[in-house]
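Presented below is the structure to which this report refers.
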Amino acid sequence: MNGKTAKTNPHPVGDSVQRVDAREKVIGSALFADDLQFGAGLLHARIKRSSLPHALIKRIDTSKALALPGVKAVVTGADYPGLIGLYLQDRHIFCRERVRYVGDPVAGVAATSEQIAEQALDLIEVEYEPLPGVFDPEYGASQAAPRLHPDLGKYEVANFIFPEANSNISNHFKIRKGDVDSAWGKCAAIVEHSYRIPHIQHVPIEPHIATARVEADGKVKLWGSSQSPFAQRNLIAKALGISQSDVQVIAPYVGGGFGSKAGVSMEALAVAIAMKVKGHPVKLRLTREEEFYTAFVRQGLVAHFKMGCDSEGHLLAMENRFYWDGGAYTEYGVNITRASGYSSSGPYEVPNVKTDSYCVYTNHPVGGPMRGFGMPEMHSGLEQCIDELARAIAVDPVAFRKRNCVREGSILVTGMVMHPTGLSECLDKAAEAINWGRKDPPSAPNKRRGKGIALMWKAPAMPPNAGSSARVALNEDGTVTVSVGGQEIGQGSFTIAAQMAAASLGVPIDWVRVNTPVNTDYSPYEWQTVASRLTWSMGNAVSAAGRDARKQILEMVAKAWNENSDDLDIIDGKVISYKTEEAISLKNIAIYGVPLPNDQGWVGGPVLGRGNFMPTYVTGLDPETGQGPRAVVHYTTGAQAVEIEIDMDTGKIEVLRGVAAFDVGKAINPDMVKAQMEGGFVQGLSTALFEGLQLKDGIPLNASFVDYRIATSTDVPRDIQAIIVEVPQDDGPWGARGIGEHAMVPTIPAIANAIYDAIGIRPGSPPYTAEKIYLAMQEAGLVS
Amino acid sequence: MSIHPIHLTVNGETHQVDVPANMTLLQMLREKLALTGTKNGCAAGECGACTVLLDGEPVNSCMVLAIECQGRQVTTVEGLAEDRILDPLQQAIMDHGGVQCGFCTPGMLISARALLNRNPDPTSDDIREALVGNLCRCTGYLRIIEAVQQAAQQQRLLASGGRTL
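Listed in order, the protein sequences are those of chains A and B. Residue numbering for the first sequence follows my numbering, beginning at 164 and increasing consecutively. Residue numbering for the second sequence follows my numbering, beginning at 20 and increasing consecutively.
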C-alpha cells in the first residue's frame, strides 16, 4: 500500500517512506507550543483590541487595570515606538496614535491567570475619535479616500516594493510587455470580467500561541508556533533595537500554518509584554475568535481582466488590474501584490500584457501570506476568463489551454525564458482522468452534472537571496542527526530532509532523525518555511550537507586504507571499497575515527557535514515595465479537473470527483506529494464552496467555526486522483520543485467552470454557496 | 473560585485532583495531569481537537467541567496504545498518510475509536458521519477515512482470532 512495501531498505529518495514524525503524532507525545511547561512563574497575557475600524486614540487610562489584584503589567503603544514589518515597516507592536482595524492591539495585560487578564481588559479605558474608513480597495486606491498611513513615504521598505507616498497604495507593481492597445484590434474575441474574491482565514486547527521571557540582562526567549523562527528573531530584534543574537526563538511542531504563522504577527505582542515583567514567561494564546481576524487573513481581491485571442485561439493580449485589499498593515501583503503581478498572465504565453497590481490599505484585518500567495485569488478569475474566451471562439477549453500554455522556451510575462515544464502533460492527464468531453447523466432527475478544468502556475515568492542551511552529524551508532531551521508544519519537510540526508550520505532512511524543536541558537539558518521552498531550497542545503559528511568519511577511510576515495562508496551505512572489497560500518568510525595500520595513529574525528544554498541568479525587474532576465527561480505548474453535480431544488453543489496533476520535478516522497495534492484540493474546495470572512464596515460578522464553515469529512468527494508529473528542475535537489501551496490554486476556477458546464451560468465571485447558486439559477430562469 | 477534590480514572490510572469549579476537563487533563496529547483548538466545542472518551462516549473535553467527571473513566490519545502496541487506528492512520500537522489527530483517533467500539464494521458514510465534528485543515480527510476502514478490518480480524494483516 502507498508504495511502502519495502522488504529491503527502500531507496531514500523516490520511495514513499513513512513520515518521521508520524509515530509521536499518533501517540500524543509530539510537542506543540501550547504543550510546553513553564512552571509556577508563568503569567498569562490578553490583548485589549480596537472596537473601531479607524480612529485616533485620544486617551488611554490603564490605572484601574493595573490596580486589579493579579495584574502584573499593562503595556501600550507608548512603551514601544519602533516599527515592524517584513517587506515594509508599517506596523507598531501596539497602536500609538491611531487604530486601523477592528482588533488592532491597543494594550496588553500580563496577569497571574487568563481570567484576571481578561477582566483587566475591561478596566482599560480608551477614548477614540472615530475617522472615516476605507472598506473597498478600489476606493482606497483613489485620491478621494482618506489616507490611512500618512507616513507611508517615510517607512523603510525592501528595494523591490514601490509605495506611492500620499496615497493608500503601498505597492504598485507594473507589467508593460509588448503593446496591448494595438493588439486588441487584431483579436477575434475579447472577454472582459471582474471578480471579487473575499477575505478568508487560514484556519489552522492550532491557534497562534507564543510564550516570551525576557531575562534580567535583556535577552529575549520566545517559544511559539512559528513558520519563521529566524525571521521572527530578526524582526523582533529590529523592532526592539536589540541584537539578533540576543533573541532566541524556539519553535516546536506547528499545528497547521498555511502562511498564517509566517513573518511576525502576535509574537511581538508577547515579547513586548514580557519586557515589563522580566524573568517571567508570559503566554499569549489567541482565542479562536481572535484567530479569525487578528492573525493574518488572506487578502481580498478586486480583479479586472481583459483578454483577447485571434480566430485560431492564440492569446494575443491581456490587461489586468488587481486591487488587493491589504488591510490595515501591508508589511507582508505588498509582496503578494508583486507576486501576482509577475505571474499575471497565468501559465500562458501572451505577447502583449499590461498589468497594474496595487496593494491598498483598508480598514480591514491585516492581509498576509496564505497558501498560494495570491495565486488562488488571481487564478479564480483568470481561469474563468480563459474558459469564456475559448468558448467565445468555439474552441474546446482544454484545446485552447493546450495551444497557449507555457512550454520550455516560452517568453514569460516578465521576459524570463521558461525552463522545462510538464504543464501540457498535466493538462492532458487531468483531462483524460476526468474523461473530458464525456457527459455522464446526473444521478437524479433534479440534478445537473458538469465538468471543469483549470491550470495554474506559481513561483516561490521571496527576496531574491532567501537562504537555507543544514547540518548532518553522525552518532556513535552510525545514525544520523539532521539539523535544519526549516519547520515541520504538516507538509512533511522533516521527512524530506531525512530522505535527502540518507540518500546523499548512503545510509538507510530509518537511521536518520531530524532535530525538533527548531531553535535559532542551535539550528542552522533558514529564511522562512514559506513559498513551498523547503523541498527545493532546504533540500539543496541538506543534500549538500550529506555530501559534505560523505566526503569527510570517504577521505578518512581512504587515508586509513591507503586508497583513493573515488574507489570507495557508502552503501546501506557501510563504507565499501570497490577495489579491495573491504567494508567497514559507519558505527564508531564516524565519531572515533579510523586507526591507521600498524598502530601508526588515527585519522578522522567526529563527522559533521554542512551545507547551504542561496539562489544567486534572480535579477531585479524594471519598476516601470516589470521586465528582467529572471524574475523568479522557477515555476511549479499543474492542472485540476472536477466533476460536480448541482441540485436544482437547493442549489447545492456536490463535487463528485477531483483530479490533480502537478509537475513536481521529482517526487522525493510520492505518497506525501499526493497527500499535498489531496489536502490542497479540499482546502481549495472549501474556499470555493463555503468560505468568506464577512466584514461589514470593517466589523467581522462570522468569527467562529459555527458561522465560518470549513470543509468537513462529509463534504469531500469520494475520489480525488493525484497524478505526479516529473520534468526535472535544474536547480532542485534530484530535480525537485515545491508542491505544498500549488495544490489549492486552481480549485475555485475548476469548480466555477464546472458550474458553467452544468447550468450555463458564470457564478461570479466565490464562495459558491447553495444560496448563491440557487438565486443565480432563479435569475437566469432555470428554476422558478 | 471554590476548589473541589475529585476522583477519576484516566487511561486506566486513578487520580485524585483538586479542581476549581469552572475548570474544564480539557484544562484538567492538560494543566493538572500534564496529558497534553489532547489539544485545544477552539475551546467552544466546535473543532473536535479535544475529543476524549468519557465513560466510553466521545465528548469535547472543552465543554465538560472537570467536577462532572467525579468517579468516571476518561480515555485520551495517550491511553490508546497498550504496552507499546499501537491501537490499529494509530497504525492505520500512519500507514495511510492520514497525519500531517498532527494537531487534529488525537481527537480524530478518539472519535474513530468511539465509532469502532459501537460499530465494528462501519461503512464509508458511517465513518464520515462519525468524524464530522473533527475538523482537519491539512489532509482533506480521505486518507483518514480509509485508515478507519482499514483499522476496522484489522480489528475484526484480531477479534476473530485471525493473524495480523
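Every residue gets a Cβ at the ideal spot worked out from N, C-alpha and C, and that includes glycine.
Just mark A:Glu854 as buried or exposed, buried being the case when its beta carbon has 16 or more other beta carbons within 10 Å.
Counted from its first residue, the first sequence places residue 854 of chain A at position 691. Label assigned to A:Glu854: buried.
Take A:Arg186 as the anchor and find which of B:Thr95, B:Arg103, B:Glu76 has the nearest alpha-carbon.
Mapped onto the first sequence, residue 186 of chain A falls at position 23. Of B:Thr95, B:Arg103, B:Glu76, the residue nearest in Cα terms is B:Arg103.
Can you name the start and end residues of the beta strand (DSSP E) that A:Gln884 belongs to?
Within the first sequence, the letter at position 721 stands for residue 884 of chain A. 882–888 is the span of the beta strand (DSSP E), which, as asked, contains A:Gln884.
Which residues does DSSP list as the beta-bridge partners of A:Ile574?
Taking the first residue of the first sequence as position 1, residue 574 of chain A is located at position 411. DSSP lists A:Val580 as partners of A:Ile574.
By the 10 Å Cβ neighbour count, where 16 or more other Cβ atoms means buried, how is A:Gln200 classified, buried or exposed?
Position 37 of the first sequence, counted from the first residue, corresponds to residue 200 of chain A. Per the 10 Å Cβ criterion, exposed.
Quick one: what does DSSP say A:Pro392 is sitting in, helix, strand or coil?
Here residue 392 of chain A refers to the residue found at position 229 when the first sequence is read from its first residue. DSSP places A:Pro392 in helix when its eight states are reduced to three.
Let's test the definition: count the other Cβ atoms within 10 Å of the Cβ of B:His26 and tell me whether it reaches 16, buried, or not, exposed.
Walking along the second sequence from the start, residue 26 of chain B turns up at place 7. Result: exposed.
Could you spell out the range, first to last residue, of the beta strand (DSSP E) harbouring B:Pro24?
Taking the second sequence and counting its residues from 1, the one referred to as residue 24 of chain B is at position 5. 22–29 is the span of the beta strand (DSSP E), which, as asked, contains B:Pro24.
When Cβ atoms are compared, which residues of the segment 57–79 of chain B fall closer than 8 Å to chain A?
Taking 8 Å as the upper bound on Cβ-Cβ separation, chain A lies near residues Thr57, Lys58, Asn59, Gly60, Cys61, Ala62, Ala63, Glu65, Cys66, Ala68 of the segment 57–79 of chain B.
Which residues in chain A have a C-beta closer than 7 Å to the C-beta of B:Thr124? List them in chain order.
Working through the second sequence from its first residue, we reach residue 124 of chain B at position 105. The contact set of B:Thr124 on chain A, defined by CB atoms closer than 7 Å, consists of Lys188, Val189 in chain order.
Quick one: using the 10 Å Cβ neighbour count with 16 as the cut-off for buried, is A:Pro778 buried or exposed?
Numbered from its first residue, the first sequence carries residue 778 of chain A at position 615. With 16 or more other Cβ atoms from the protein chains shown falling within 10 Å of its own Cβ, A:Pro778 counts as buried.
Listed from N- to C-terminal order along the chain, which residues in the segment 630–655 of chain A have their beta-carbon within a distance smaller than 9 Å of any beta-carbon of chain B?
Residues of the segment 630–655 of chain A with a Cβ closer than 9 Å to any Cβ of chain B, in chain order: Glu651, Ile652, Gly653, Gln654, Gly655.
Looking only at its own chain, which residues have a Cβ that is under 6 Å from the Cβ of A:Gly537, when we skip the five neighbours before and after it?
Here residue 537 of chain A refers to the residue found at position 374 when the first sequence is read from its first residue. Ile499, Ala502, Ser503.
At what residues does the beta strand (DSSP E) containing A:Arg501 begin and finish?
If you number the first sequence from 1, residue 501 of chain A lands on position 338. For A:Arg501, there is no enclosing beta strand (DSSP E); the residue is part of the alpha helix (DSSP H) that begins and ends at 496–505.
For A:Leu205, tell me which candidate among A:His217, A:Val234, A:Leu284 has the shortest Cα-Cα distance.
The residue labelled residue 205 of chain A in the question sits at position 42 within the first sequence. The shortest Cα separation from A:Leu205 among A:His217, A:Val234, A:Leu284 belongs to A:Val234.
Which ranges would you report for the beta strand (DSSP E) in the segment 782–859 of chain A if only whole runs of at least 3 residues count?
Complete beta strand (DSSP E) runs here, min 3: 799–810, 816–826.
I'd like to check one pair, B:Cys66 with B:Cys123: are the Cβ atoms closer than 9 Å?
Counting from 1 along the second sequence, the entry for residue 123 of chain B is found at position 104. Counting from 1 along the second sequence, the entry for residue 66 of chain B is found at position 47. It is a contact, given that the beta carbons lie within the stated cut-off.
CB-CB under 6 Å to B:Glu165, same chain, minus the five flanking residues each way: which ones, in chain order?
As a position in the second sequence, residue 165 of chain B is number 146, starting the count at 1. Here B:Glu165 has His115 as same chain residues with Cβ atoms under 6 Å from its own Cβ, once five neighbours each way along the sequence are excluded.
Report the start-end ranges of each beta strand (DSSP E) in the segment 211–299 of chain A that is 3 residues or longer and not cut off at the edges.
Counting whole runs of 3 or more residues, the segment 211–299 of chain A contains the beta strand (DSSP E) stretches 218–224, 234–239, 268–274, 288–293.
Contact list for the segment 364–397 of chain A against chain B, Cβ threshold 9 Å
Within the segment 364–397 of chain A, the residues whose Cβ lies closer than 9 Å to some Cβ of chain B are His365, Val366, Pro367, Ile368, Glu369, Pro370, listed in chain order.
I need the straight-line Cα distance from A:Lys170 to A:Ala665, nearest angstrom please.
Position 7 of the first sequence holds residue 170 of chain A. Position 502 of the first sequence holds residue 665 of chain A. Caution is warranted here: a pLDDT of 40 is assigned to A:Lys170, below 50, making its placement in the model unreliable, and the coordinate value is therefore given only provisionally. Going by the C-alpha atoms only, they are around 18 Å apart.
Is the CB-CB distance between A:Thr262 and A:Ser333 below 9 Å?
Residue numbering aside, residue 262 of chain A sits at position 99 when the first sequence is read from its first letter. Residue numbering aside, residue 333 of chain A sits at position 170 when the first sequence is read from its first letter. Checking the displayed sequence, the identity of residue 262 of chain A turns out to be Val instead of Thr. Cβ atoms of A:Val262 and A:Ser333: not closer than 9 Å.
Roughly how many whole angstroms lie between the Cα atoms of B:His34 and B:Gln110?
For this step, residue 34 of chain B is matched to residue 15 along the second sequence. For this step, residue 110 of chain B is matched to residue 91 along the second sequence. Those two C-alpha atoms are separated by around 29 Å.
Spell out a yes or no on whether the segment 910–924 of chain A and the segment 49–60 of chain B are touching, meaning 3 or more CB-CB pairs, one atom from each, closer than 8 Å.
The answer is no - the segment 49–60 of chain B does not touch the segment 910–924 of chain A, with fewer than three Cβ pairs under 8 Å.
What residues of chain A sit near B:Gly31, judged by a beta carbon separation below 7 Å?
In the second sequence, the residue the question calls residue 31 of chain B occupies position 12. Listed along chain A is no residue with a C-beta nearer than 7 Å to that of B:Gly31; the closest approach is about 15 Å.
Which residue's Cα is closest to the Cα of A:Met907: A:Glu639, A:Leu848, A:Lys935, A:Gly895?
Within the first sequence, the letter at position 744 stands for residue 907 of chain A. Check the Cα spacing between A:Met907 and each of A:Glu639, A:Leu848, A:Lys935, A:Gly895: the tightest is with A:Leu848.
Find the residues of chain B that neighbour A:Thr877, judging by a C-beta separation of less than 8 Å, and give them in chain order.
Numbered from 1 along the first sequence, position 714 holds the residue referred to as residue 877 of chain A. Here the neighbours are Arg147, Glu148, Val151.
Here's the rule I'm using: 16 or more other beta-carbon atoms within 10 Å means buried, otherwise exposed. How should A:Gly944 be labelled?
Within the first sequence, residue 944 of chain A is the residue found at index 781, counting from 1. Burial call: exposed.
Helix, strand or coil for A:Ala169? Go by DSSP, reduced to three states.
Within the first sequence, residue 169 of chain A is the residue found at index 6, counting from 1. Annotation note: pLDDT 36 at A:Ala169 (below 50); position unreliable, coordinate value reported separately. The three-state reading of DSSP puts A:Ala169 in coil, since its state is none of H, G, I, E or B.
Does the Cβ of A:Tyr456 have 16 or more other Cβ atoms within 10 Å, making it buried, or fewer, making it exposed?
Start at 1 with the first residue of the first sequence, and residue 456 of chain A comes out as number 293. Residue environment for A:Tyr456: buried (at least 16 other C-beta atoms within 10 angstroms of its C-beta).
Residue ranges of each alpha helix (DSSP H) within the segment 442–499 of chain A, 4 or longer:
With a minimum length of 4 residues, the continuous alpha helix (DSSP H) runs that stay inside the segment 442–499 of chain A are 451–456.
Can you list, in chain order, the residues of its chain whose CB lies under 6 Å from that of A:Ser632, leaving out five sequence neighbours each side?
Here residue 632 of chain A refers to the residue found at position 469 when the first sequence is read from its first residue. Here the set comprises Pro687, Tyr688, Ala704, Asn775.
Short CB-CB distance (under 9 Å) between B:Leu45 and chain A:
As a first step, residue 45 of chain B must be located in the second sequence, where it is residue number 26. It does not; no Cβ of chain A falls within 9 Å.
Under the rule that 16 or more other beta-carbon atoms within 10 Å means buried, what is B:Glu97, buried or exposed?
Here the question's residue 97 of chain B lines up with position 78 in the second sequence. So B:Glu97 ends up on the buried side.
Quick check on DSSP: helix, strand or coil for A:Pro769?
Residue mapping note: residue 769 of chain A aligns to position 606 of the first sequence, counting from 1. Here A:Pro769 sits in coil by DSSP.
Run through DSSP, which three-state label would B:His115 get?
Against the second sequence, residue 115 of chain B aligns to sequence position 96. If DSSP states are grouped into helix, strand and coil, B:His115 belongs with coil.
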